[in-house]
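Peer 1:
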Amino acid sequence: MLTRNRLLAGATALLALSFTVPALAQEPIKLGEINSYKVFAAFLDPYKKGMELAVDEVNAAGGVLGRKIEVVSRDDNGNPADAVRAAEELLSREKVAFLIGTFPSNVGLAVADFAKQKKTLFIAGEPLTDKIVWGQGNAYTFRLRPSTYMQTAMLIPDAARLHKKRWAIVYPNYEYGQSATAAFKELLKAKQPDAEFVAEQATPLGKIDAGTVAQALADAKPDAIFSSLFGADLAKFVRAGSERGLFKNVAVFDLLGGEPEYLDPLKDEAPVGWYVTGYPWQDLQTPEHTRFFNAYKAKFHDYPRLGSVVGYSTVMSAVAAIRKAGALDQDKLVVAMAGLQVATPFGAVTFRAIDHQSTMGAFVGRIAVKDGKGYMTDWHFVDGKDVLPGDAEVKKMRPAN
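Position one of the sequence shown corresponds to residue 854 (the numbering used here), numbered consecutively onward.
(1) Can you tell me which of S1211, A894, P1113 and P1124 puts its alpha carbon nearest to the alpha carbon of K1101?
(2) Quick one: residues in its chain with C-beta nearer than 7 Å to the C-beta of T973, no 5 flanking neighbours on either side, listed in chain order?
(3) Starting from the Cα of I1061, find the closest Cα among N1026, G1214 and R1251 and give me that residue.
(4) Secondary structure at D1155, three-state DSSP: helix, strand or coil?
(5) Enumerated in chain order, which unbroken segments of the alpha helix (DSSP H) with a length of 4 residues or greater are wholly contained in the segment 904-951?
(6) Starting from I1009, follow the alpha helix (DSSP H) in both directions and report where the run begins and ends.
(7) In whole angstroms, what separates the C-alpha of L1193 from that of P1242?
(8) Need the endpoints of the beta strand (DSSP E) that T1230 sits in, please.
(9) Drop a sphere of 10 angstroms on the beta-carbon of H1016, count the other beta-carbons inside from all chains shown, and report buried for 16 or more, exposed for fewer.
(10) Can you pull the DSSP bridge partners for Y1261?
(11) If we define contact as Cβ-Cβ less than 8 Å, is F1106 a contact residue for chain B?
(12) Using 8 Å for Cβ pairs, my map puts A1171 next to I887. What's the rounded Cβ distance?
(13) Once the 5 residues before and after I922 are set aside, which same chain residues still bring their CB inside 7 Å of it?
(14) Indicate whether L1108 and T1212 have their beta-carbon atoms separated by less than 8 Å.
(15) Go through its chain and collect everything with a Cβ distance to V1240's Cβ below 7 Å, but skip five positions before and after it.
(16) As an exercise, report each continuous alpha helix (DSSP H) stretch of at least 4 residues that is fully enclosed by the segment 1140-1213, in chain order.
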């Protein structure tokens, strides 16, 4: 009887296990996503929609490793300390596979350092600082978007061609703006040694005193201006500068000014003739973009912004890494990310093994106004691989890890 009872108990346990194991196997793979949704809503609302579209497509196609994916998001309030706390909670409580996301450069750097300490993969979708892959690069952090150095380098050919001697600079005074300014000075001087920087205005992020800034630049009588302002700061600067005649007969280059997130709110006040990087979604007819555009419009009844492309491509990068690694082991994921190729709406990109920077490119053009709305004209695409530093230079900039 005792033996029979033990056999029955064993059979019952095995039967229970047979139901439990498949159920566990079907639990989704969680991606821990951190971002500044309340602070940078203009970019991150479309970004979140891009992620949603990617998740839907991946899961409809059967998921990855036989499991669906799920993005678990936390808002970091644009604060590095809050971002690190969110990352810790995602790993310890939510048991996410690894981390993705972040927007401002200082937050991205904080999460990158956290990922290094925890030996956890981090795919930084948006932060543009050069430090995240070079000066403070680490084995666990990879970055999708082209950096400040890369996007600035895309603008340099036009800036040097104009051969303007007296340059003024305005930028948001935190890591991104500082990095963009340093890159512009270095790259322009290399192409045009006689260039002079006659005025510089560093403004608090989100709190620009646009009238004072515009007047200070106008008093310096520059031939050209380089700006890395974006969002509400950019809109205020455009209006204040226009009122004071700052831009009359002055060439203006703005690093992100052609992105629809920042161009659309200006409407017919969009600054005609400015040189910018951005996203000419209206005119982009490649097969990859057309498929993405149609799917996005069908789901959200709206056109995509650049944030939409970044959110979508970040999730697709995460999925490609999991698929290539064949597991969720962190070391295998990091190995998979090095040299990883990913299909994006802008074409295929590769995460370089030497510095973990992707080769995603950007569009360079000028601002025009049509039907009361700003848009990019005379644009061309610059492949990210064509504006990246070579291996020898990267080895000098990037710490051993």
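Cβ coordinates follow ideal geometry from the N, Cα and C atoms, glycine included.
Peer 2: Inspection of the coordinates gives the following:
(1) Here residue 1101 refers to the residue found at position 248 of the sequence shown. Checking every option, the nearest Cα to that of K1101 belongs to P1124.
(2) If you number the sequence shown from 1, residue 973 lands on position 120. Here the set comprises L944, F951, L952, Y993 and Q1183.
(3) Indexing the sequence shown from 1 puts residue 1061 at position 208. Cα-wise, what sits closest to I1061 is N1026.
(4) Locating residue 1155 in the sequence shown gives position 302, where the first residue counts as 1. Coil, per DSSP.
(5) 933-945
(6) To locate residue 1009, count along the sequence shown from 1; it is residue 156. Unbroken alpha helix (DSSP H) run through I1009: T1001 to L1015.
(7) Sequence index remark: in the sequence shown, residue 1193 carries index 340 (1-based). Sequence index remark: in the sequence shown, residue 1242 carries index 389 (1-based). Taking the straight line joining both Cα atoms gives about 19 Å.
(8) Position 377 of the sequence shown, counted from the first residue, corresponds to residue 1230. K1226 to V1235 is the span of the beta strand (DSSP E), which, as asked, contains T1230.
(9) What you label residue 1016 is simply residue 163 of the sequence shown in a count that begins at 1. So H1016 counts as exposed.
(10) No answer is possible for residue 1261: the residues shown for the chain start at 854 and end at 1254.
(11) The structure shown contains no chain B, having only a single protein chain.
(12) Here residue 1171 refers to the residue found at position 318 of the sequence shown. Here residue 887 refers to the residue found at position 34 of the sequence shown. No, A1171 and I887 are not in contact; Cβ-Cβ is about 13 Å, not under 8 Å.
(13) Along the sequence shown, one-based indexing puts residue 922 at 69. Answer for I922: P881, I882, L884, V908, V911, N912, G916 and V1172, listed in chain order.
(14) Walking along the sequence shown from the start, residue 1108 turns up at place 255. Walking along the sequence shown from the start, residue 1212 turns up at place 359. Taking 8 Å as the Cβ cut-off, L1108 and T1212 do not qualify as a contacting pair.
(15) Numbered from its first residue, the sequence shown carries residue 1240 at position 387. The beta carbon of V1240 sits closer than 7 Å to the beta carbons of M1003, A1006 and M1007 from its chain, once the five residues preceding and following it are set aside; these are given in chain order.
(16) For the segment 1140-1213, the full-length alpha helix (DSSP H) segments reaching 4 residues or more read 1140-1153, 1159-1178 and 1183-1190 along the chain.
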